[in-house]
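Since the structure comes first, as C-alpha coordinates, the remarks are kept for the end.
In my numbering, the protein residues as written are 35 to 373.
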(Lines of atoms letter the chains of each structure in order from A and count residues from 1; the text may use other names and numbers.)
(Lines give C-alpha, C1' and ligand atoms only; values in the text may rest on other atoms or scores of the structure.)
Protein backbone atom coordinates (compact mmCIF):
# COMPACT_ATOMS: atom_id res chain seq x y z
CA UNK A 1 0.00 0.00 0.00
CA UNK A 2 1.70 3.21 -1.21
CA UNK A 3 -0.02 5.34 1.43
CA UNK A 4 1.26 3.26 4.33
CA UNK A 5 4.76 2.99 2.83
CA UNK A 6 5.11 6.74 2.41
CA UNK A 7 3.79 7.53 5.88
CA UNK A 8 6.36 5.17 7.40
CA UNK A 9 9.17 7.41 6.10
CA UNK A 10 7.76 10.64 7.54
CA UNK A 11 9.03 12.07 10.81
CA UNK A 12 7.35 14.32 13.36
CA UNK A 13 4.17 14.33 15.41
CA UNK A 14 1.86 16.23 13.03
CA UNK A 15 0.64 15.47 9.52
CA UNK A 16 -0.81 17.81 6.91
CA UNK A 17 -2.65 15.77 4.27
CA UNK A 18 -3.44 17.52 0.98
CA UNK A 19 -6.49 15.64 -0.24
CA UNK A 20 -8.04 15.66 -3.71
CA UNK A 21 -10.43 12.81 -4.51
CA UNK A 22 -13.87 12.12 -6.02
CA UNK A 23 -14.39 9.48 -3.34
CA UNK A 24 -14.08 5.74 -3.01
CA UNK A 25 -14.44 3.09 -0.33
CA UNK A 26 -15.54 4.08 3.15
CA UNK A 27 -13.62 1.11 4.52
CA UNK A 28 -10.40 2.37 2.89
CA UNK A 29 -11.05 5.83 4.33
CA UNK A 30 -11.35 4.24 7.77
CA UNK A 31 -8.07 2.36 7.30
CA UNK A 32 -6.25 5.51 6.18
CA UNK A 33 -7.38 7.56 9.16
CA UNK A 34 -6.50 4.75 11.56
CA UNK A 35 -2.99 4.51 10.07
CA UNK A 36 -2.54 8.27 10.37
CA UNK A 37 -3.86 8.41 13.91
CA UNK A 38 -1.58 5.60 15.04
CA UNK A 39 1.53 7.50 13.91
CA UNK A 40 0.66 11.18 14.38
CA UNK A 41 -0.78 13.04 17.36
CA UNK A 42 -2.29 15.81 15.23
CA UNK A 43 -3.76 15.56 11.74
CA UNK A 44 -4.87 18.33 9.39
CA UNK A 45 -6.65 17.89 6.04
CA UNK A 46 -6.14 20.53 3.35
CA UNK A 47 -8.58 20.53 0.42
CA UNK A 48 -7.41 22.75 -2.47
CA UNK A 49 -10.11 21.41 -4.82
CA UNK A 50 -12.61 18.83 -3.66
CA UNK A 51 -12.69 15.76 -1.44
CA UNK A 52 -16.05 14.11 -1.97
CA UNK A 53 -17.75 11.07 -0.42
CA UNK A 54 -15.03 8.92 1.22
CA UNK A 55 -12.72 11.94 0.99
CA UNK A 56 -15.17 13.83 3.21
CA UNK A 57 -15.15 10.93 5.67
CA UNK A 58 -11.35 11.25 5.88
CA UNK A 59 -11.68 14.99 6.48
CA UNK A 60 -14.07 14.33 9.37
CA UNK A 61 -11.27 12.33 11.03
CA UNK A 62 -8.94 15.35 11.15
CA UNK A 63 -8.29 17.84 13.94
CA UNK A 64 -8.49 20.69 11.43
CA UNK A 65 -9.96 21.13 7.93
CA UNK A 66 -8.44 23.79 5.67
CA UNK A 67 -10.32 24.92 2.54
CA UNK A 68 -10.52 27.80 0.09
CA UNK A 69 -13.66 29.56 -1.12
CA UNK A 70 -13.60 27.23 -4.16
CA UNK A 71 -12.98 24.00 -2.21
CA UNK A 72 -15.73 21.49 -1.56
CA UNK A 73 -16.54 18.40 0.44
CA UNK A 74 -19.66 16.33 -0.23
CA UNK A 75 -22.40 14.10 1.21
CA UNK A 76 -21.20 10.80 2.68
CA UNK A 77 -24.28 8.65 2.07
CA UNK A 78 -23.08 5.19 1.07
CA UNK A 79 -23.35 4.15 -2.57
CA UNK A 80 -24.51 0.57 -3.11
CA UNK A 81 -24.53 -1.60 -6.22
CA UNK A 82 -27.66 -3.51 -7.18
CA UNK A 83 -28.67 -5.12 -10.48
CA UNK A 84 -25.79 -3.42 -12.24
CA UNK A 85 -26.71 0.05 -10.97
CA UNK A 86 -25.08 2.20 -8.28
CA UNK A 87 -27.27 4.42 -6.14
CA UNK A 88 -27.60 6.03 -2.73
CA UNK A 89 -28.31 3.79 0.25
CA UNK A 90 -30.18 6.70 1.79
CA UNK A 91 -32.39 7.14 -1.28
CA UNK A 92 -33.00 3.38 -1.43
CA UNK A 93 -34.17 3.25 2.19
CA UNK A 94 -36.24 6.44 1.98
CA UNK A 95 -37.91 5.23 -1.22
CA UNK A 96 -38.90 1.93 0.39
CA UNK A 97 -40.23 3.76 3.47
CA UNK A 98 -42.32 6.01 1.23
CA UNK A 99 -43.96 2.98 -0.38
CA UNK A 100 -44.65 1.46 3.06
CA UNK A 101 -46.26 4.71 4.22
CA UNK A 102 -48.53 4.79 1.17
CA UNK A 103 -49.65 1.19 1.76
CA UNK A 104 -50.25 1.90 5.47
CA UNK A 105 -52.89 4.49 4.56
CA UNK A 106 -55.00 1.74 3.01
CA UNK A 107 -54.54 3.03 -0.52
CA UNK A 108 -54.08 0.35 -3.22
CA UNK A 109 -50.48 -0.41 -4.12
CA UNK A 110 -49.29 1.47 -7.18
CA UNK A 111 -48.71 -1.21 -9.82
CA UNK A 112 -45.53 0.54 -10.91
CA UNK A 113 -43.98 -0.50 -7.58
CA UNK A 114 -44.59 -4.22 -8.02
CA UNK A 115 -41.60 -5.10 -10.28
CA UNK A 116 -39.29 -3.14 -8.00
CA UNK A 117 -40.59 -4.69 -4.77
CA UNK A 118 -40.32 -8.19 -6.22
CA UNK A 119 -36.58 -7.67 -6.57
CA UNK A 120 -36.00 -6.40 -3.03
CA UNK A 121 -35.07 -8.83 -0.27
CA UNK A 122 -34.68 -8.19 3.47
CA UNK A 123 -30.96 -8.64 2.90
CA UNK A 124 -30.92 -5.75 0.43
CA UNK A 125 -32.52 -3.43 2.97
CA UNK A 126 -30.20 -4.54 5.75
CA UNK A 127 -27.17 -4.05 3.49
CA UNK A 128 -28.28 -0.50 2.68
CA UNK A 129 -28.93 0.30 6.34
CA UNK A 130 -25.55 -1.12 7.39
CA UNK A 131 -23.70 0.82 4.69
CA UNK A 132 -25.37 4.06 5.75
CA UNK A 133 -24.81 3.36 9.44
CA UNK A 134 -21.11 2.66 8.87
CA UNK A 135 -20.41 6.21 7.69
CA UNK A 136 -22.52 7.76 10.45
CA UNK A 137 -20.75 5.84 13.21
CA UNK A 138 -17.29 6.74 11.88
CA UNK A 139 -18.06 10.43 11.51
CA UNK A 140 -19.72 10.71 14.93
CA UNK A 141 -16.80 8.96 16.62
CA UNK A 142 -14.10 10.96 14.82
CA UNK A 143 -15.74 14.36 15.23
CA UNK A 144 -16.27 13.72 18.94
CA UNK A 145 -12.72 12.52 19.58
CA UNK A 146 -10.73 14.77 17.24
CA UNK A 147 -12.46 17.75 15.63
CA UNK A 148 -14.32 18.61 18.83
CA UNK A 149 -11.42 17.75 21.15
CA UNK A 150 -10.61 21.44 21.72
CA UNK A 151 -14.28 22.54 21.86
CA UNK A 152 -14.52 22.99 25.60
CA UNK A 153 -16.52 26.20 26.08
CA UNK A 154 -19.81 27.32 24.51
CA UNK A 155 -19.11 30.65 22.79
CA UNK A 156 -22.67 31.85 23.37
CA UNK A 157 -22.95 31.09 27.09
CA UNK A 158 -19.42 30.50 28.33
CA UNK A 159 -20.57 27.19 29.83
CA UNK A 160 -18.39 24.05 29.61
CA UNK A 161 -19.07 21.65 26.73
CA UNK A 162 -19.81 18.12 27.94
CA UNK A 163 -18.89 14.87 26.23
CA UNK A 164 -22.60 14.18 25.71
CA UNK A 165 -23.02 17.53 23.91
CA UNK A 166 -20.06 16.76 21.66
CA UNK A 167 -21.50 13.37 20.77
CA UNK A 168 -24.94 14.85 20.08
CA UNK A 169 -23.53 17.54 17.78
CA UNK A 170 -21.32 15.01 16.00
CA UNK A 171 -24.33 12.74 15.38
CA UNK A 172 -26.35 15.70 14.10
CA UNK A 173 -23.61 16.50 11.57
CA UNK A 174 -23.19 12.84 10.57
CA UNK A 175 -26.93 12.51 9.96
CA UNK A 176 -26.95 15.70 7.89
CA UNK A 177 -24.03 14.56 5.72
CA UNK A 178 -25.80 11.24 5.06
CA UNK A 179 -29.15 12.85 4.18
CA UNK A 180 -28.88 12.85 0.39
CA UNK A 181 -32.54 12.30 -0.44
CA UNK A 182 -33.93 14.82 2.05
CA UNK A 183 -31.26 17.52 2.11
CA UNK A 184 -28.65 17.42 -0.65
CA UNK A 185 -30.60 15.56 -3.39
CA UNK A 186 -27.39 14.56 -5.22
CA UNK A 187 -24.43 12.49 -3.99
CA UNK A 188 -22.02 14.62 -6.01
CA UNK A 189 -23.25 17.93 -4.60
CA UNK A 190 -20.51 20.32 -3.50
CA UNK A 191 -20.58 21.44 0.12
CA UNK A 192 -18.64 24.68 0.40
CA UNK A 193 -17.30 26.35 3.54
CA UNK A 194 -20.62 28.08 4.28
CA UNK A 195 -22.58 24.82 3.94
CA UNK A 196 -20.24 23.10 6.37
CA UNK A 197 -20.26 25.98 8.84
CA UNK A 198 -24.06 25.95 8.78
CA UNK A 199 -23.86 22.32 9.93
CA UNK A 200 -21.73 23.37 12.89
CA UNK A 201 -18.25 22.58 11.58
CA UNK A 202 -15.44 25.07 12.03
CA UNK A 203 -13.39 25.35 8.82
CA UNK A 204 -10.08 27.21 8.38
CA UNK A 205 -10.34 29.43 5.28
CA UNK A 206 -7.04 30.01 3.45
CA UNK A 207 -8.39 33.37 2.24
CA UNK A 208 -7.37 34.65 5.67
CA UNK A 209 -3.72 33.90 4.82
CA UNK A 210 -2.67 35.33 1.44
CA UNK A 211 0.54 33.29 1.25
CA UNK A 212 -1.24 30.01 1.95
CA UNK A 213 -4.09 30.98 -0.39
CA UNK A 214 -1.61 31.53 -3.23
CA UNK A 215 0.10 28.20 -2.54
CA UNK A 216 -3.30 26.48 -2.53
CA UNK A 217 -4.19 27.87 -5.94
CA UNK A 218 -0.82 27.05 -7.51
CA UNK A 219 -0.84 23.51 -6.15
CA UNK A 220 -4.36 22.86 -7.40
CA UNK A 221 -3.52 24.26 -10.85
CA UNK A 222 -0.42 22.05 -11.19
CA UNK A 223 -2.31 19.01 -9.96
CA UNK A 224 -5.16 19.67 -12.39
CA UNK A 225 -2.72 19.96 -15.31
CA UNK A 226 -1.05 16.69 -14.30
CA UNK A 227 -4.33 14.75 -14.40
CA UNK A 228 -5.57 16.54 -17.52
CA UNK A 229 -2.46 16.26 -19.72
CA UNK A 230 -0.95 12.95 -18.67
CA UNK A 231 -2.11 9.36 -18.19
CA UNK A 232 -1.62 9.71 -14.43
CA UNK A 233 -4.81 9.15 -12.44
CA UNK A 234 -3.54 8.73 -8.87
CA UNK A 235 -0.71 10.42 -6.96
CA UNK A 236 0.85 9.76 -3.56
CA UNK A 237 3.34 12.52 -2.78
CA UNK A 238 5.50 13.55 0.17
CA UNK A 239 8.38 16.07 0.37
CA UNK A 240 10.78 13.23 -0.49
CA UNK A 241 8.87 10.89 -2.78
CA UNK A 242 6.42 10.84 -5.67
CA UNK A 243 4.46 7.69 -6.45
CA UNK A 244 1.81 7.62 -9.14
CA UNK A 245 -0.43 5.28 -11.05
CA UNK A 246 -1.05 5.80 -14.73
CA UNK A 247 -3.16 4.30 -17.48
CA UNK A 248 -1.40 3.45 -20.72
CA UNK A 249 -3.62 3.70 -23.83
CA UNK A 250 -4.26 0.35 -25.49
CA UNK A 251 -3.50 -0.40 -29.09
CA UNK A 252 -0.50 -0.30 -31.46
CA UNK A 253 1.99 2.45 -30.85
CA UNK A 254 0.72 3.20 -27.38
CA UNK A 255 4.08 2.57 -25.71
CA UNK A 256 7.02 4.93 -26.43
CA UNK A 257 9.15 2.29 -28.14
CA UNK A 258 12.09 4.10 -29.74
CA UNK A 259 14.01 1.15 -31.11
CA UNK A 260 12.62 -1.91 -32.87
CA UNK A 261 13.95 -4.73 -35.03
CA UNK A 262 11.58 -6.75 -37.20
CA UNK A 263 8.69 -5.22 -35.28
CA UNK A 264 10.07 -6.38 -31.93
CA UNK A 265 10.68 -3.55 -29.43
CA UNK A 266 14.28 -3.22 -28.26
CA UNK A 267 13.95 -0.10 -26.08
CA UNK A 268 11.48 2.46 -24.80
CA UNK A 269 12.07 6.09 -23.86
CA UNK A 270 10.18 7.34 -20.79
CA UNK A 271 9.79 11.07 -20.33
CA UNK A 272 9.70 12.03 -16.64
CA UNK A 273 8.65 15.36 -15.14
CA UNK A 274 10.04 15.86 -11.64
CA UNK A 275 7.24 16.31 -9.10
CA UNK A 276 9.35 18.72 -7.06
CA UNK A 277 11.36 20.98 -9.39
CA UNK A 278 9.55 20.35 -12.69
CA UNK A 279 12.70 19.26 -14.54
CA UNK A 280 12.29 17.01 -17.59
CA UNK A 281 14.55 14.01 -18.08
CA UNK A 282 14.47 10.72 -19.96
CA UNK A 283 14.75 7.15 -18.75
CA UNK A 284 15.60 4.39 -21.21
CA UNK A 285 14.11 0.93 -20.69
CA UNK A 286 15.87 -1.77 -22.71
CA UNK A 287 14.32 -5.06 -23.76
CA UNK A 288 17.51 -6.13 -25.56
CA UNK A 289 20.72 -6.34 -23.50
CA UNK A 290 22.76 -5.16 -26.49
CA UNK A 291 20.78 -1.95 -27.02
CA UNK A 292 23.08 1.05 -26.39
CA UNK A 293 22.07 3.80 -23.99
CA UNK A 294 21.15 6.95 -25.88
CA UNK A 295 22.90 10.20 -24.99
CA UNK A 296 21.17 12.09 -22.20
CA UNK A 297 19.14 9.10 -21.01
CA UNK A 298 19.19 7.46 -17.60
CA UNK A 299 19.10 3.64 -17.60
CA UNK A 300 15.96 2.14 -16.11
CA UNK A 301 16.62 1.63 -12.36
CA UNK A 302 16.65 -1.83 -10.81
CA UNK A 303 14.36 -0.76 -7.95
CA UNK A 304 11.91 1.03 -10.31
CA UNK A 305 12.62 4.36 -8.58
CA UNK A 306 14.52 7.11 -10.39
CA UNK A 307 16.05 10.19 -8.75
CA UNK A 308 15.79 13.57 -10.46
CA UNK A 309 19.26 14.63 -11.72
CA UNK A 310 18.51 18.22 -10.69
CA UNK A 311 17.09 17.93 -7.16
CA UNK A 312 17.21 14.25 -6.19
CA UNK A 313 13.42 13.89 -5.89
CA UNK A 314 12.42 10.23 -6.30
CA UNK A 315 9.77 9.09 -8.79
CA UNK A 316 8.32 5.59 -8.79
CA UNK A 317 8.18 3.94 -12.24
CA UNK A 318 6.61 0.64 -11.20
CA UNK A 319 3.30 1.27 -13.00
CA UNK A 320 5.09 2.35 -16.18
CA UNK A 321 7.31 -0.74 -16.05
CA UNK A 322 4.28 -3.01 -15.68
CA UNK A 323 2.55 -1.32 -18.62
CA UNK A 324 5.59 -1.51 -20.89
CA UNK A 325 6.34 -5.15 -20.08
CA UNK A 326 2.69 -6.08 -20.63
CA UNK A 327 2.69 -4.43 -24.06
CA UNK A 328 6.09 -5.78 -25.09
CA UNK A 329 5.55 -9.20 -23.49
CA UNK A 330 9.19 -9.06 -22.41
CA UNK A 331 10.94 -8.05 -19.21
CA UNK A 332 12.98 -4.87 -19.04
CA UNK A 333 16.70 -5.64 -18.98
CA UNK A 334 18.50 -3.95 -16.10
CA UNK A 335 22.06 -2.93 -16.93
CA UNK A 336 24.75 -4.31 -14.64
CA UNK A 337 26.25 -1.71 -12.32
CA UNK A 338 29.33 -0.13 -13.80
CA UNK A 339 28.41 -1.27 -17.32
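Note that CB positions come from ideal geometry on N, CA and C, so glycine has one too. Remember, predicted model here, so these are calculated numbers, not experimental data.
Among the bridge pairs identified by DSSP, residue 225 is matched with 107.
The shortest C-alpha to C-alpha distance from residue 80 to any of 266, 369, 249 is the one to 249. Membership of residue 305 in the beta strand (DSSP E) is indicated by the continuous run 298 to 307. Non-local beta-carbon contacts of residue 327 in its own chain, meaning distances under 7 Å to residues more than five positions away in sequence, involve 318, 333 in chain order. Cβ atoms of residue 322 and residue 277 stay farther apart than 8 Å, at about 28 Å. For a cut-off of 8 Å, the C-beta gap from residue 311 to residue 344 is around 5 Å, short enough to register as a contact. In terms of Cβ geometry, residue 106 and residue 226 form a close pair [threshold 8 Å].
Between the alpha carbons of residue 128 and residue 86 lies a gap of roughly 22 Å.
Taking 8 Å as the cut-off, the beta carbon of residue 300 is found closer than this to the beta carbon of residue 325. Within the stretch 56 to 116, the complete alpha helix (DSSP H) segments at least 4 residues long are 60 to 73, 88 to 94, listed from N- to C-terminus.
In the DSSP assignment, residue 317 falls within the unbroken beta strand (DSSP E) covering 314 to 320. Residue range 123 to 138 is occupied by the alpha helix (DSSP H) that includes residue 134.
Inclusion of residue 57 and residue 88 in the CB contact set at 8 Å is warranted, their separation being smaller than that value.
Counting every other CB atom within 10 Å of its CB across the protein chains shown gives residue 51 a total of 16 or more, marking it as buried. Judged by beta-carbon spacing, residue 109 lies beyond the 8 Å limit of residue 252, meaning their Cβ atoms are not closer than that value. Residue 112 and residue 38 have their C-alpha atoms spaced approximately 25 Å apart. The stretch 230 to 249 makes no contact with the stretch 126 to 143, as fewer than three CB pairs between them are under 8 Å.
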